[in-house]
Amino acid sequence: MIDKTVVKAAKNVVESGEGVARNIWLAGLGLYSRTLEEAQQLNEKTSTAFDELVERGKEVETQAKECIGQNAEKASDEVEAGMNDLFYRLSGVDREKLERMDEKIDKLTLAVEKLAEVE
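Read left to right, the sequence shown gives residues 47 to 165 (my numbering).
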């Protein structure tokens, strides 16, 4: 009888140990599955957030280009005005007046060349 009880107790311990080992194995598989699902969800959220940031970046880039273009044009106008002012101070001649005179000289040169061809 003692042998039967010992064998029965040993079987119970082995079965109990197998049950615990199986439960540990199943818990590990469950943890792996949950971790995989959460990683996939996180990846989807990350992709969505990245795409949203790209779209916002495109909007900001467009606005920045417009602002830079406007500022560059203003800066160019200011530099040109400064150069005209400096030219006027140094020469005493207005740049626009000088350009008009240059156009008149070109017209006179053409007229003289035509007259020279006639003779």
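Glycine residues also receive a C-beta, built at the ideal position from the N, C-alpha and C atoms. All figures in this text were calculated on a predicted structure; none of them were measured in a lab.
Using a Cβ-Cβ cut-off of 8 Å, state whether residue i counts as contacting chain D.
| i | result |
| --- | --- |
| residue 164 | Absence of chain D from the displayed structure is noted, only one protein chain being present. |
State the DSSP-derived secondary structure class of residue i, mapped to helix, strand or coil.
| i | result |
| --- | --- |
| residue 140 | coil |
If you draw a straight line from the alpha carbon of residue i to that of residue j, how long is it in whole angstroms?
| i | j | result |
| --- | --- | --- |
| residue 90 | residue 79 | 17 Å |
| residue 84 | residue 97 | 20 Å |
| residue 64 | residue 93 | 43 Å |
| residue 12 | residue 134 | What the structure shows of the chain is the stretch from 47 to 165, and residue 12 is not part of that stretch, so it cannot be assessed. |
| residue 81 | residue 104 | 34 Å |
| residue 102 | residue 124 | 33 Å |
| residue 155 | residue 144 | 16 Å |
| residue 66 | residue 87 | 31 Å |
Beta carbon of residue i, beta carbon of residue j: below 8 Å?
| i | j | result |
| --- | --- | --- |
| residue 130 | residue 146 | no |
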